[in-house]
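Participant: The numbering used here runs 9 ahead of the 1-based position in the sequence shown.
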Amino acid sequence: MINRITQSQISRSATAHLAGQTAEMFQRQQEISTGLRIRRPSDDPSGMRRSLILNDRVERLDSHISSIQFAQSRLSQAAVQLQDANTALVRARSIALQAPQALDKGEVDALVSELNGILNQLVSAANSSDENGYLFSGTASHTLPFPADATTNGESAYAGSQSNTQLLITGDVARDALLPGDLVFQAIAREPTVVIGSTGAKPGAGTDSATGTRDLLISHDFTTYRGGSGVNAGIDSESGDTIIGQVGTHLLKVIDTSGNGTAGTFSLNGGAAVSFTNADTNLLVEGPGGERVYLDASAISAGFNGTVDITSTGSMSIDGGVTKTPISFAATQAVTDSRNGTIVNLDSSAIHRTGTDQLEFPGTTDVFNAVRALRDDLLNTRNLSTGDRAAALNRRVGDLERVHSHLLDVIGVQSVSLEQIDRLQNRTEDLQLSGKIEYSDTVSADITESITRLQELTNLQQFTMAAVGRLLTPNLLDYIN
10 MINRITQSQI
20 SRSATAHLAG
30 QTAEMFQRQQ
40 EISTGLRIRR
50 PSDDPSGMRR
60 SLILNDRVER
70 LDSHISSIQF
80 AQSRLSQAAV
90 QLQDANTALV
100 RARSIALQAP
110 QALDKGEVDA
120 LVSELNGILN
130 QLVSAANSSD
140 ENGYLFSGTA
150 SHTLPFPADA
160 TTNGESAYAG
170 SQSNTQLLIT
180 GDVARDALLP
190 GDLVFQAIAR
200 EPTVVIGSTG
210 AKPGAGTDSA
220 TGTRDLLISH
230 DFTTYRGGSG
240 VNAGIDSESG
250 DTIIGQVGTH
260 LLKVIDTSGN
270 GTAGTFSLNG
280 GAAVSFTNAD
290 TNLLVEGPGG
300 ERVYLDASAI
310 SAGFNGTVDI
320 TSTGSMSIDG
330 GVTKTPISFA
340 ATQAVTDSRN
350 GTIVNLDSSA
360 IHRTGTDQLE
370 FPGTTDVFNA
380 VRALRDDLLN
390 TRNLSTGDRA
400 AALNRRVGDL
410 ERVHSHLLDV
420 IGVQSVSLEQ
430 IDRLQNRTED
440 LQLSGKIEYS
450 DTVSADITES
460 ITRLQELTNL
470 QQFTMAAVGR
480 LLTPNLLDYI
490 N
């Protein structure tokens, strides 16, 4: 059976082909006008899936670059502040070196004024901030790291977090960014404790936890006299005696010149003889070193001539007398500062008199206390002797060199962090560019190909319409057939 192709079939076939050509021409026109090959899933399902994956990757890389630039900005600002602090410490060390020669009050006052300015400069650097918070507060970026009143405040307690900030990028290791302020400005490299004074206290064994400087207050408690001399402590003995020590540390010589205990002389530690009568109940007797005792001579044993062993107890305090630790005369005795719980280990075995000693803890002073201590020793606020003051100023030079060296180490560490983050940014930007190119290749149209294909479709459509027109136009032969 022979199928006859009718004009109706030709018309339907031509219409279908023309519709397909028109649809493809419209698609090519869209590609040329938008530059995109894929605008909806139906354009290329597999290509659309790939484009979504690539676009997500590019967006994540954009986010990574923003995080990197944020860390870079803060590190760069911190580097500027650390350089400023470095300049301040260099000048402070220079002042420390010339301090021993500064004897004129006007010169001392000028140096002290400059040191106060350096303190404020250091605090300004340590408390520097940007629009995102404080640079040296660790992860507690909205907490002021250090007290603002550096020149008047005796301590600069760190109030920020002890955790350093980190740059966290998906698929990359956690990278350290900014170090917390306590690691930058309060590094500790403890050295042996120094005791300055005349009470007889010495550094003990064990590790101290106190930092900077402290006043060690040695106070008197009770004095007792052994033997059958009849000597007793006077009325003001508890508050006025200045001797401390176990048996054998101090000796009192008693001479009964009357023979019946009513009169005679006392001599403390070989000092000048002091006359007494049995009417004296609060007699002051001084030794050769200025040590003092108050004696009650009302019950001297008749005919007593000889030396009397003395036991005198006392207490130690490093918090201004708020709390006191009884002296045990041990080789190592711990004394606690009730204000912050820090401990000092002291050798109390040779303590022999009351007074106030100066405790120094070299290697524990932070940036601020190093400058404060230099200023105070320039003013000699502790009333040190010329030799002790010179030695203290020399230790201040050591403190400043230590904190300055540590600050330079920190600058180096932060510079390395910044360099690593710069390299990470370059790598991330390269990945971002590669992803954008791949995404563009996936979704973008080939304009040259689209134009060429559009021209082909235009020619094909014209040819199709011409051919169909010839087929559908009736002629005489068709009529005869």
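In this text, a Cβ means the ideal position worked out from N, Cα and C, and glycines have one as well.
1) Tell me whether H26 sits in a helix, a strand or coil according to DSSP, three-state version.
2) Report the three-state DSSP secondary structure of G215 (helix, strand or coil).
3) Spatial neighbours of D185 within its chain, please: C-beta separation below 7 Å, excluding the five flanking residues on both sides.
4) Whole angstroms is fine: what's the gap from G330's alpha carbon to D431's?
5) Exposed or buried, D65, counting other C-beta atoms within 10 Å across all chains shown (16 or more means buried)?
6) Going by C-alpha to C-alpha distance, which of N269, K262, D385 and R301 sits closest to A282?
7) Would you kindly work out how many angstroms separate the C-alpha atoms of R83 and R102, rounded to a whole number?
8) Closest to L112 by C-alpha separation, out of Q470, I178, R398 and G444, would be which residue?
9) Nearest-angstrom Cα distance between R405 and A210?
10) Can you find at least 3 beta carbon pairs, one from the region 334-345 and one from the region 191-202, that sit closer than 8 Å?
11) So which of Q90, T148, D265 and A28 has the shortest CA-CA distance to N314?
12) Can at least three beta-carbon pairs, one atom from the region 265-274 and one from the region 304-319, be found at a separation below 8 Å?
13) Spatial neighbours of D366 within its chain, please: C-beta separation below 8 Å, excluding the five flanking residues on both sides.
14) Shortest alpha-carbon distance to D245 belongs to which of R235, N291 and G190?
15) Which term fits L417, buried or exposed, when burial requires 16 or more other beta carbons within 10 angstroms of its beta carbon?
16) Within the continuous beta strand (DSSP E) that includes E295, where are the two ends?
17) Count the other C-beta atoms from every protein chain shown that fall within 10 angstroms of the C-beta of L513, then say buried if there are 16 or more, exposed otherwise.
18) Please return the same chain residues whose Cβ sits closer than 7 Å to the Cβ of R462, not counting the five positions on each side in sequence.
19) Can you tell me which residues form a DSSP beta bridge with D185?
20) Could you tell me whether the Cβ atoms of A379 and V412 are closer together than 9 Å?
21) Is it the case that the Cβ atoms of Q441 and D71 are separated by a distance below 9 Å?
22) From what residue to what residue does the beta strand (DSSP E) around G369 run?
23) In whole angstroms, what is the alpha-carbon distance linking R69 and K445?
24) Nearest to S310 by alpha carbon, out of F231, G268, D439 and F145?
25) According to DSSP, N354 sits in a beta bridge with which residue or residues?
26) Whole angstroms are fine: how far does the CA of Q81 sit from the CA of S75?
27) Of the residues N125, S138 and A288, which one's Cα is nearest the Cα of G169?
28) Across the region 350-364 and the region 92-107, are there enough close Cβ pairs to call them in contact, namely three or more that are closer than 8 Å?
29) What residue from S218, A308, A401 and P371 has the CA that sits closest to D289's CA?
30) In this structure, what does DSSP give as the bridge partners for I227?
31) Starting from V376, follow the beta strand (DSSP E) in both directions and report where the run begins and ends.
32) Using a Cβ-Cβ cut-off of 6 Å (strictly less than) and excluding sequence neighbours within five positions of D318, which residues of its own chain qualify?
33) H413 by DSSP, collapsed to three states: which one?
34) Output the residue ranges of the alpha helix (DSSP H) runs that lie fully inside the region 113-175 and measure 4 residues or longer, sorted by chain position.
35) Just the C-alpha distance for D250 and F231, rounded to the nearest angstrom, thanks.
36) Cα-Cα, which of G280, I336, N129 and L187 is closest to G254?
Facilitator: To lay it out plainly:
1) In the structure shown, H26 sits in a helix (DSSP, three-state: H, G or I).
2) Here G215 sits in coil by DSSP.
3) Contacts found: N173, Q175 and S426.
4) The straight-line gap from Cα to Cα measures roughly 55 Å.
5) Counting other Cβ atoms within 10 Å of its Cβ, D65 stays below 16 and is therefore classed as exposed.
6) Closest by C-alpha distance to A282, out of N269, K262, D385 and R301, is K262.
7) Straight-line Cα distance between these residues: approximately 29 Å.
8) Answer by Cα proximity: R398.
9) If you draw a straight line from the Cα of R405 to the Cα of A210, it is about 22 Å long.
10) Look at the beta carbons and you see the region 334-345 not touching the region 191-202: under three pairs across the two are nearer than 8 Å.
11) When only C-alpha atoms are compared, the closest one is D265.
12) A contact between stretches requires three or more CB pairs, one per stretch, nearer than 8 Å, and the region 265-274 meets this requirement with the region 304-319.
13) Excluding sequence positions up to five before and after D366, its CB lies within less than 8 Å of the CB of V204, I205, G206, S207, T208, A210, D224, L225 and I227, all in the same chain and listed in chain order.
14) Of the candidates R235, N291 and G190, the one whose C-alpha sits nearest the C-alpha of D245 is N291.
15) Exposed: under 16 other Cβ atoms inside 10 Å.
16) That run of the beta strand (DSSP E) goes L292 to E295.
17) One cannot answer for residue 513 here, as it falls past the ends of the chain, which runs 10 to 490.
18) Non-local beta-carbon contacts of R462 in its own chain, meaning distances under 7 Å to residues more than five positions away in sequence, involve R37 in chain order.
19) In the DSSP output, where bridge partners are listed per residue, D185 has Q175.
20) Yes, Cβ-Cβ distance for A379 and V412 is below 9 Å.
21) One thing to note: Q441 has its Cβ within 9 Å of the Cβ of D71.
22) This sequence places Glu at residue 369; Gly is not what is there. From DSSP, the beta strand (DSSP E) with E369 extends over G364 to F370.
23) Looking at the two C-alpha atoms, the distance is approximately 12 Å.
24) Checked all of F231, G268, D439 and F145; the closest Cα to S310 is G268.
25) Note: N354 sits in a beta bridge opposite A343.
26) Those two C-alpha atoms are separated by around 10 Å.
27) For G169, the nearest C-alpha among the options comes from S138.
28) The region 350-364 and the region 92-107 do not touch, with fewer than 3 CB-CB distances between them shorter than 8 Å.
29) The residue with the shortest Cα to Cα distance from D289 is A308.
30) DSSP lists M325 and G364 as partners of I227.
31) First-last for V376: V376 to L388, but that is the alpha helix (DSSP H), not the beta strand (DSSP E).
32) Excluding positions up to five away in sequence, the list reads R235 and V256.
33) DSSP places H413 in helix when its eight states are reduced to three.
34) The region 113-175 contains these whole alpha helix (DSSP H) runs: 114-135.
35) Between the C-alpha atoms of D250 and F231 there is a straight-line separation of about 8 Å.
36) When each option's Cα is compared against that of G254, the closest is I336.
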